[in-house]
Amino acid sequence: MRYKSKIAFQYLILIFIILVSFSFTPKNSEQNPIFKIPQFLNKKISDGPFFFIQDDNTVVVKWIKGKKAVEKEIKNNNYKKIQRKTGLPVDSDFFYFEEKKNIDLKQEYKNVDKFITLSDIHGQFDLFVTLLLQYEVVDQDLNWNYGANHLIINGDVFDRGDQVTEIFWLIYILEKQAEKQGGKVHFLLGNHEVMVLNKDFRYVNDKYYNTTQLLNVSYDQLYSENTVIGNWLRSKPVIFSINDILFTHAGISPEFVERKITVEQANGKFLNNQYNASKDSLLLFLEKTNGIVWYRGYFKTESFNEQKLDKILSYFNKKHIVVGHTTMPNVMSLYSGKLICVDSGIKNGEYGEVLVYENGEFFRGTPYGSKIKLLTYDL
Ligand code: ZN
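Letter 332 of the sequence shown, counting from 1, is numbered 418 in the numbering used here, and no numbers are missing.
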């Protein structure tokens, strides 16, 4: 009985924190304008394009125009027509398949002065673009405008909303543009990326049933290994670090540390993940409840505390961990600033924030442009 009342008390505290942070959340009364969302792809395209690589010289591009499927075959990098028809800036440099053996599994970035993180976009292209415009990560034409700084997408682009395809293309293009300016776009796999690639379509927006019917493929086939975005997704990590900050989609559980799993092992497992096929016990652990893309234990105060988080951080020799996945009313930090939660509910399409990092300091960034110093709450 006493145990139960302790839990009830802790839940009350959590609810209090959430209510307090709601009251600090600026609403529409703030003066800064919400941007008009620039046209990204060709207006006539209602979904796609999807690029299917056939061989070294042939790519088949498919998209949905109105209620019809369109299919074009491109030979010998002759992309001009596709660029015109789809609006994607596609040229011979556009596709870059990195050899898996060349991918750095350690994913450690140092001496980064400035970055922006956001998470759990779930098909909400307009809010995503609003936040990128507000913090000048992109210009009005949606080109990279963030110089040598970093942009981090903490996972979960798939599912719920109806502009998933557009978001993936924008991230893909920005990643390439950022590299040319010495900047970096990081994309972390979330549980929804893993679910779709494992053929779990429970949360797929109805729009995509229409797309897959018209194209006569299953949803995961739009992201198979021989597609441009599917191949790109299969090169992405589940954990990386910038300076003394660790990033994962959901979190690192005490069990992850007890099993002595390394960053390289975790990233390597997903890099070689044969989705929807047989998996070894380590990959099964990583994909499930206490694994890196699903864990929610930080928010269960009856079984988690700051000492446990300290152990996890010291295992990686880091000071902070940034996670998405568990939705909060805004970007917030818990456990004396060691845990930073960046899933601020963008998935609902109404409000969402970014985490801004500038020279060692963290801020919440609202869609109206206010930067609020990140306060920490103790559970
Ligand atoms: Zn998630």
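We treat Cβ as the ideally placed atom computed from N, Cα and C, and that holds for glycine.
Check, Outcome
"Distance between Leu395 and Trp318 (C-alpha atoms, nearest Å)", "32 Å"
"Integer-rounded CB distance, given that Phe273 should sit under 8 Å from Ile257", "6 Å"
"Three-state secondary structure assigned by DSSP to Asn114", "Because the pLDDT of Asn114 is 49, which lies under 50, any placement of that residue in the model is unreliable, and the number read from its coordinates should be weighed accordingly. Here Asn114 sits in coil by DSSP."
"Whether Ile338 touches Phe402 by CB criterion (9 Å)", "yes"
"Pairwise C-alpha distance: Trp380 and Leu191", "20 Å"
"Contact test: Gly383 Cβ vs ligand 1 heavy atom, cutoff 8 Å", "no"
"Residues near Val223 by beta carbon distance below 7 Å, same chain, minus five either side", "Ile202, Asn231, Tyr232 and Leu237"
"Closest Cα partner of Thr452 within the set Gln220, Gly268 and Arg382", "Gln220"
"Three CB pairs or more closer than 8 Å across the stretch 197-214 and the stretch 296-314", "no"
"Minimum C-alpha distance to Tyr463 - residue among Asp330, Asn434, Leu213 and Lys424", "Lys424"
"DSSP state of Trp380 mapped onto helix, strand, coil", "coil"
"Local conformation of Pro415 per DSSP, three classes", "coil"
"Residue interval of the alpha helix (DSSP H) (run including Tyr294)", "Lys293 to Leu301"
"Ser109 - DSSP class collapsed to helix/strand/coil", "At Ser109, the pLDDT of 49 sits below 50, so the modelled position is not reliable; the number obtained from the coordinates is stated separately. Helix."
"First and last residue of the uninterrupted alpha helix (DSSP H) at Lys148", "Where Lys148 is concerned, there is no enclosing alpha helix (DSSP H), although the beta strand (DSSP E) it sits in stretches over Thr144 to Lys151."
"Closer than 8 Å: Asn277 CB and nearest ligand 1 heavy atom", "yes"
"Any non-hydrogen atom of ligand 1 closer than 8 Å to Trp380 Cβ", "yes"
"Neighbour-count burial assignment, Glu157, 16 or more Cβ in a 10 Å radius", "exposed"
"Assumed close pair Val428, Val417 - CB separation to whole angstroms, cut-off 8 Å", "5 Å"
"Tyr454 (DSSP reduced to helix, strand or coil)", "coil"
"Cross-strand partners of Trp230 (DSSP beta bridge)", "Val224"
"Own chain partners of Ala352 with C-beta closer than 7 Å, once the 5 adjacent residues on each side are dropped", "Val324, Ile325, Leu372 and Ile378"
"For Tyr384, the nearest candidate out of His335, Leu275, Ser205 and Gly435 (CA to CA)", "His335"
"Three-way DSSP call (helix, strand, coil) for Val250 in this model", "helix"
"Any non-hydrogen atom of ligand 1 closer than 8 Å to Gly470 Cβ", "Outside the modelled stretch of the chain, which goes from 87 to 465, sits residue 470, for which no answer is possible."
"Local conformation of Phe390 per DSSP, three classes", "coil"
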